[in-house]
Amino acid sequence: MNQHTFSPPELRHDWTREQVQALFALPFNDLLFRAQTVHRQFHESNTVQLSTLLSIKTGACPEDCGYCPQSVRFETGLKKEPLMEVQAVVEAAREAKAGGATRFCMGAAWRSPKDRDLDKVEAMVREVKALGLETCMTLGMLKDTQAQRLADAGLDYYNHNLDTSPEYYGKVITTRTYQDRLDTLEHVRNAGMKTCCGGIVGMGEQPEDRAELLRQLANLPAHPDSVPINNLVQVAGTPLKGTAALDPLDFVRQIAVARIMMPKSAVRLSAGRTEMSDELQALCFFAGANSIFYGDKLLTTENPQNAKDRALLARLGMSVQGAESAVQEEAMEALITTGGPSCSASGCC
Ligand code: SAM
Ligand code: DTB
Ligand code: SF4
Numbered sequence: 049m050n051q052h053t054f055s056p057p058e059l060r061h062d063w064t065r066e067q068v069q070a071l072f073a074l075p076f077n078d079l080l081f082r083a084q085t086v087h088r089q090f091h092e093s094n095t096v097q098l099s100t101l102l103s104i105k106t107g108a109c110p111e112d113c114g115y116c117p118q119s120v121r122f123e124t125g126l127k128k129e130p131l132m133e134v135q136a137v138v139e140a141a142r143e144a145k146a147g148g149a150t151r152f153c154m155g156a157a158w159r160s161p162k163d164r165d166l167d168k169v170e171a172m173v174r175e176v177k178a179l180g181l182e183t184c185m186t187l188g189m190l191k192d193t194q195a196q197r198l199a200d201a202g203l204d205y206y207n208h209n210l211d212t213s214p215e216y217y218g219k220v221i222t223t224r225t226y227q228d229r230l231d232t233l234e235h236v237r238n239a240g241m242k243t244c245c246g247g248i249v250g251m252g253e254q255p256e257d258r259a260e261l262l263r264q265l266a267n268l269p270a271h272p273d274s275v276p277i278n279n280l281v282q283v284a285g286t287p288l289k290g291t292a293a294l295d296p297l298d299f300v301r302q303i304a305v306a307r308i309m310m311p312k313s314a315v316r317l318s319a320g321r322t323e324m325s326d327e328l329q330a331l332c333f334f335a336g337a338n339s340i341f342y343g344d345k346l347l348t349t350e351n352p353q354n355a356k357d358r359a360l361l362a363r364l365g366m367s368v369q370g371a372e373s374a375v376q377e378e379a380m381e382a383l384i385t386t387g388g389p390s391c392s393a394s395g396c397c
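Take a look at the structure:
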């Protein structure tokens, strides 16, 4: 068989462990070639979607997620903040839009929202949408009725991660089960919202756990619309501080296998970019990442500055999905000044 021809990938939900591990075992070049081939069948090849995050309620979370600076159980020095006022959130969303983001993601350090919190949260969704931005929220576990309220308010995406494999999960989190997460995802799907669901790597898990995370995601009843792949941001005071760093090429493999297994989903190169070189991020885009968090902060930790990201995209000849022309023009200007090549921009072929 010609190893460079692949039949169009179907949307499969029946992956076996052996099949996923076989993808991870491919030689790096073969894996990336295959991921990029799949990518081009379903996505524009040089386009990235930008989401900006805002922490709308910070810290003092009762959960014990071992990676998280916002848990009340760990001394991380984070200042807790109550649920923000709607107008302050709208102001931040306006700034995000002006900076070039097309989606605004609001996160709260809750185990799950209280029904009374949802009135304010619904107003945030309506007002941010009115600015012409897509909306995403991550508020913890949702009951079916809460998911329906958010969907009725117009929320586009709900982010709720599986985080890792079922086998490794108990080493990281004890205050909610894997099944609790699957239940919330079911409520989100049933309410008609798009799902944003992925996980974290670099938490000391085994290669089999990283494969199993992707198998769990791809074997969900519907592939998540968006799949964030986070590299652990190590925060002093959290139990996972000091974990041995993942080989960066294994991070790229995680993106590539996610792209192959969930061909239509947006794969988001998420937390951990501050510690990554331009070259590593470029490999992640080649492996099929087509979405990033954009803005100088994630929820509570650092993210690359906007100007740095624009320069990176310009260096790679990548454009921003759905961005207004002023932002595109600025990116193009940066491209010209840095001289970064792109076939479509230079017309070389
Ligand atoms: N409290 C809600 C929840 O846990 O569902 C929403 C916010 S929580 C911060 C959202 C996700 O951020 C987590 O599921 C985890 O995947 C990711 N995350 C949190 N801390 C992180 C860290 N230090 N490094 C990488 N990803 C992290
Ligand atoms: C996701 O998967 N990653 C984002 C978003 N969903 C909410 C959050 C990353 C948080 C990193 C740690 C922090 O900034 O607090
Ligand atoms: Fe709380 Fe979410 Fe952090 Fe877990 S990840 S401690 S639930 S804010």
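Read in the numbering used here, the sequence shown has 63 at position 15, and its numbers run on one by one without any break. Ideal Cβ positions, reconstructed from N, Cα and C, are used throughout, including at glycine. None of these values were measured; they are calculated from a predicted model.
Among the options, the one whose alpha carbon lies nearest that of residue i
i	options	result
residue 159	263, 137, 229	229
residue 236	251, 208, 118	208
residue 80	338, 179, 331, 352	331
residue 249	291, 224, 143	291
residue 136	168, 116, 148	168
residue 369	243, 301, 340	340
residue 295	60, 177, 308, 280	280
residue 360	324, 166, 336	324
residue 124	288, 365, 354, 362	288
residue 300	64, 274, 74, 66	74
residue 148	133, 179, 173, 130	179
residue 193	315, 239, 321, 357	239
residue 144	183, 132, 333	183
residue 106	131, 98, 306, 122	131
residue 305	347, 258, 286, 200	258
residue 335	357, 94, 63	94
residue 201	177, 285, 116	177
residue 285	346, 120, 157	120
residue 253	303, 326, 214	214
residue 246	353, 196, 275	275
residue 350	337, 364, 320, 338	320
residue 327	357, 154, 231, 109	357
residue 114	185, 218, 172	218
residue 63	264, 234, 146, 225	264
Element boundaries [beta strand (DSSP E), containing residue i]
i	result
residue 80	Not the beta strand (DSSP E): residue 80 falls in the alpha helix (DSSP H), residues 76-90.
residue 105	95-105
Range covered by the alpha helix (DSSP H) that runs through residue i
i	result
residue 250	Premise fails: residue 250 is in no alpha helix (DSSP H) and is neither H nor E.
residue 221	Looking at the DSSP string, residue 221 is not in any alpha helix (DSSP H), and its letter there is neither H nor E.
residue 341	Where residue 341 is concerned, there is no enclosing alpha helix (DSSP H), although the beta strand (DSSP E) it sits in stretches over 339-341.
residue 335	Counting along the chain, residue 335 falls outside any alpha helix (DSSP H), and DSSP gives it neither H nor E.
residue 306	296-309
residue 133	Premise fails: residue 133 is in no alpha helix (DSSP H) and is neither H nor E.
residue 362	354-363
residue 256	255-266
residue 71	65-73
Beta bridge counterpart(s) of residue i as assigned by DSSP
i	result
residue 211	247
residue 279	249
residue 315	275
residue 109	119
residue 367	95
residue 289	BP columns for residue 289 are empty, so no partner.
residue 41	In the structure as shown, the chain starts at 49 and stops at 397, and residue 41 therefore has no counterpart that could be examined.
residue 242	205
Cutoff 9 Å: residue i Cβ touching any chain B Cβ
i	result
residue 246	This model lacks chain B altogether, as it is built from one protein chain only.
Contact test: residue i Cβ vs ligand 4 heavy atom, cutoff 8 Å
i	result
residue 271	In the structure shown, ligand 4 is absent; the only ligands present are ligand 1, ligand 2 and ligand 3.
List in chain order: all unbroken beta strand (DSSP E) runs of 3+ residues lying wholly within the segment 145-207. Residue ranges of uninterrupted beta strand (DSSP E) with 3 or more members, entirely inside the segment 145-207 and ordered along the chain, are 151-156, 182-186, 205-207.
List in chain order the residues whose CB is within less than 5 Å of at least one heavy atom of ligand 3. That gives 109, 111, 113, 116, 118, 119, 157.
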